[in-house]
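A short write-up of the structure that comes next.
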Amino acid sequence: METIESLASRIGRLEQLFEERVMDPAAIPPSHPDAADSGAHAFWSAIPFGAWLKISGPTFAVMALGFGTAWSAQQETTRQILDLEQSTTDRILQMQRETSGEILRVQEETSGEILRVQEETTAKILALQESTTDRILEIQRQILDLERSRRE
3 METIESLASR IGRLEQLFEE RVMDPAAIPP SHPDAADSGA HAFWSAIPFG AWLKISGPTF
63 AVMALGFGTA WSAQQETTRQ ILDLEQSTTD RILQMQRETS GEILRVQEET SGEILRVQEE
123 TTAKILALQE STTDRILEIQ RQILDLERSR RE
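Quick note on the working numbering: the sequence shown kicks off at 3 and runs consecutively.
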């Protein structure tokens with residue numbers, strides 16, 4: 003396990019090698035891609051390695067923290083959406099049960115009322131048929147009586 007001092011000395015050596023390379027463009031081999039445009043990279047090459055670490059370390063930490071925060075927020079949003087979907091589904095099912103129960107109750111009441119009205123109507127029709135039949139029989143008897151009395 004490295005200590006902070008050994009890490010600092012390694013970074014110092016890397017900075018020293020990097021500075022030597024920047025100060026001596028001839029140290030870059032001609033086959034290296036930086037050899038042709040070493041002037042264009044002079045600004046970026048002049049930044050020491052330690053400075054790059056100082057810039058990139060916190061930047062990476064902020065990016066990681068931001069990603070973690072965004073991930074956490076997305077997970078919480080997903081959980082809330084799932085909770086909302088579940089509660090909405092439960093409420094819809096409850097309302098469907100209530101509505102179905104109400105429909106069945108109204109159907110039973112309506113069917114009972116229809117049967118009651120049919121029974122009353124049937125009873126009235128039977129009574130009317132009976133009284134009509136009785137009257138027809140009475141009229142027929144009277145006609146027979148009249149015909150008998152005419153014959154006598």
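Virtual Cβ for every residue (Gly too), placed ideally from N, Cα, C.
Here the alpha carbons of residue 135 and residue 128 stand approximately 10 Å from one another. Rounded to whole angstroms, residue 100 and residue 93 show a C-alpha spacing of 10 Å. Per DSSP, residue 60 is one residue of the alpha helix (DSSP H) stretching across 51-153.
With respect to residue 13, residue 52 sits close: the two C-beta atoms are nearer than 8 Å.
A direct Cα-Cα distance of roughly 10 Å separates residue 152 from residue 146. For the pair residue 104 and residue 77, the Cα-to-Cα distance works out to about 40 Å.
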